[in-house]
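Each remark here refers to the structure printed beneath this line.
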Amino acid sequence: MNGPLKDVKVLELGQLIAGPFCTRVMAEFGAQVIKVESPNGGDP
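Letter 34 of the sequence shown, counting from 1, is numbered 346 in our numbering, and no numbers are missing.
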């Protein structure tokens with residue numbers, strides 16, 4: 313994927329609205345996002 317953040321890797325540990333939203337925006341700008349979720353369940 314191309315974009316201004318194409319060489320950036322982001323590790324997302326967020327569980328509420330702001331964290332996932334920000335990493336989604338970063339992904340839209342080309343960042344590679346790795347989402348880590350709780351073993352007890354995913355997003356609420």
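All C-beta atoms in this analysis are idealised placements derived from N, C-alpha and C, irrespective of residue type, glycine included.
Open item on the list: Am I right that V320 and T335 are in contact with their C-beta atoms under 8 Å? What's the rounded C-beta distance?
Closed with: In fact, because the Cβ distance is near 11 Å, the residues do not count as touching under 8 Å.
Open item on the list: For E340, report the span of its alpha helix (DSSP H) as first-last.
Closed with: Here the alpha helix (DSSP H) through E340 covers 330-340.
Open item on the list: Applying the 10 Å Cβ sphere with the 16-neighbour rule, what's the burial state of A343?
Closed with: buried
TODO: Take L325 and list the residues in its own chain whose beta-carbon comes closer than 6 Å to its own, dropping the five residues that flank it on each side.
DONE: V348
- [ ] Note down the Cα distance separating G315 from A339, rounded to an integer number of angstroms.
- [x] 9 Å
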